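Numbering (this note's numbering), first residue to last: 1 to 218. Only one structure is covered here, and it is reproduced in the block below.
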Amino acid sequence: MTTSKRINKLYRLLYKKYGPQGWWPGDSQLECILGAILAQNTSWKNVEKAINNLRKLNLISIDKLKLLTTDELAQLIRSSGYFNQKALKIKNFVKFITENYNGSLENMFEEDMYVLRDKLLSIKGVGPETADCIILYGGNKPIFVIDTYTYRVLSRHGLVPEQTSYNEMQELFMDSLNLDPGIFNEYHALLVKVGKEHCKKRIPLCTGCPLEGDPHTI
DNA sequence: GACCAGGCACATC
DNA sequence: GATGTGCATGGT
Numbered sequence: 001m002t003t004s005k006r007i008n009k010l011y012r013l014l015y016k017k018y019g020p021q022g023w024w025p026g027d028s029q030l031e032c033i034l035g036a037i038l039a040q041n042t043s044w045k046n047v048e049k050a051i052n053n054l055r056k057l058n059l060i061s062i063d064k065l066k067l068l069t070t071d072e073l074a075q076l077i078r079s080s081g082y083f084n085q086k087a088l089k090i091k092n093f094v095k096f097i098t099e100n101y102n103g104s105l106e107n108m109f110e111e112d113m114y115v116l117r118d119k120l121l122s123i124k125g126v127g128p129e130t131a132d133c134i135i136l137y138g139g140n141k142p143i144f145v146i147d148t149y150t151y152r153v154l155s156r157h158g159l160v161p162e163q164t165s166y167n168e169m170q171e172l173f174m175d176s177l178n179l180d181p182g183i184f185n186e187y188h189a190l191l192v193k194v195g196k197e198h199c200k201k202r203i204p205l206c207t208g209c210p211l212e213g214d215p216h217t218i
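Set out below in structure tokens:
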């Protein structure tokens, strides 16, 4: 079986096993974007607390965030960890969208997604995963998000070599699947789900793997 | 108390 | 290009 077919098969298996995950159902686009930054190397529960603090004060708005100092913002997002750095990153994004798109998310997402990706990557604090989360979950455009779980699940099941770059894995998914943001959204979430349960960091195998057959022959 | 979590930038070799 | 380190709270 080709790797592309195995990528498709893995999606069907995961979806059948776990069902839809409903990630970032989206109170708003900006909330997704803030979530993408706050979630860097952090559990989602801690991110939710931070977002709730901003919600309560009606701060989920480019204009409101502009008025906050970095220190004020940092205190509100403490629960998400790395709060000083993340406050700076959010301020960097706000500055970016203000200067390039007149502060309008709508304008920003009208941009070709690959052009936008390159521009997002120029923001200090936004790397490939965060940029892709912003485009997929914030903009609902079909770009595939790779994260540590994606790498772990794929490499431990022999779908990619140990040494595979972010871009190579992203190309693999995007060349194998229909370019559907709904599928990309679910697939990424499903990989995190199965990774959390069975592909732990310090265990070099996918233990108790729920996927059919030998865990390394999907 | 150790370990990890839906990364990224920067230094050093 | 690969590898190491700081950033930081909160759950297991």
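From the three backbone atoms N, C-alpha and C, an ideal C-beta is built for every residue, glycine too. This one's a predicted model, so the numbers in the text were calculated from it and none came from an experiment.
Contact under 8 Å by Cβ, residue i with residue j
i: Val94; j: Leu65; result: yes
i: Gly195; j: Tyr149; result: yes
i: Asn53; j: Leu76; result: yes
i: Ile97; j: Ile37; result: no
i: Leu67; j: Gly125; result: no
Span separating the alpha-carbon of residue i from that of residue j
i: Tyr187; j: Glu72; result: 36 Å
i: Asp132; j: Gly81; result: 21 Å
i: Ile51; j: Ile62; result: 14 Å
i: Trp24; j: Arg152; result: 22 Å
i: Ala189; j: Thr70; result: 31 Å
i: Cys199; j: His157; result: 10 Å
i: Thr2; j: Gly35; result: 35 Å
i: Gly22; j: Glu99; result: 33 Å
i: Ser79; j: Leu57; result: 16 Å
i: Ser43; j: Phe83; result: 14 Å
i: Leu14; j: Glu31; result: 27 Å
i: Asn92; j: Val115; result: 18 Å
i: Glu48; j: Arg55; result: 10 Å
i: Ile123; j: Leu105; result: 16 Å
i: Lys193; j: Gln163; result: 23 Å
i: Ala39; j: Gly127; result: 12 Å
i: Met169; j: Tyr11; result: 15 Å
i: Ala74; j: Gly103; result: 21 Å
Contacting residues, own chain, Cβ-Cβ under 7 Å from residue i (five flanking each side not counted)
i: Tyr101; result: Asn107, Met108
i: Glu129; result: Val145, Ile146, Asp147
i: Ser28; result: Ile60
i: Pro223; result: Residue 223 lies beyond the stretch modelled for the chain, which goes from 1 to 218, so this question has no answer here.
i: Leu179; result: Pro142
i: Asn46; result: Ser79, Ser80, Gly81
i: Pro20; result: Glu186
Supposed contact pair residue j and residue i - C-beta distance, whole angstroms, cut 8 Å
i: Ile218; j: Lys86; result: With a Cβ gap of about 35 Å, Ile218 and Lys86 do not count as contacting.
i: Met113; j: Lys141; result: 5 Å
i: Leu191; j: Ile183; result: 12 Å between Cβ atoms; not a contact.
i: Lys17; j: Pro210; result: 6 Å
Same chain only: Cβ atoms within 6 Å of residue i, ignoring 5 sequence neighbours per side
i: Ile33; result: Ile134, Gly138
i: Leu154; result: Val160
i: Cys206; result: Arg156, His198, Cys199, Pro215
i: Tyr166; result: Pro128, Ile146
Heavy atom of the ligand COA within 7 Å of residue i beta-carbon
i: Thr130; result: Of ligands this structure carries none, so the ligand COA is not represented either.
Beta-carbon contacts of residue i that lie in its chain and below 8 Å, excluding the five residues immediately before and after
i: Glu171; result: none
i: Ile7; result: Leu159, Leu172, Phe173, Ser176, Leu177
i: Leu121; result: Gly127, Pro128, Ala131
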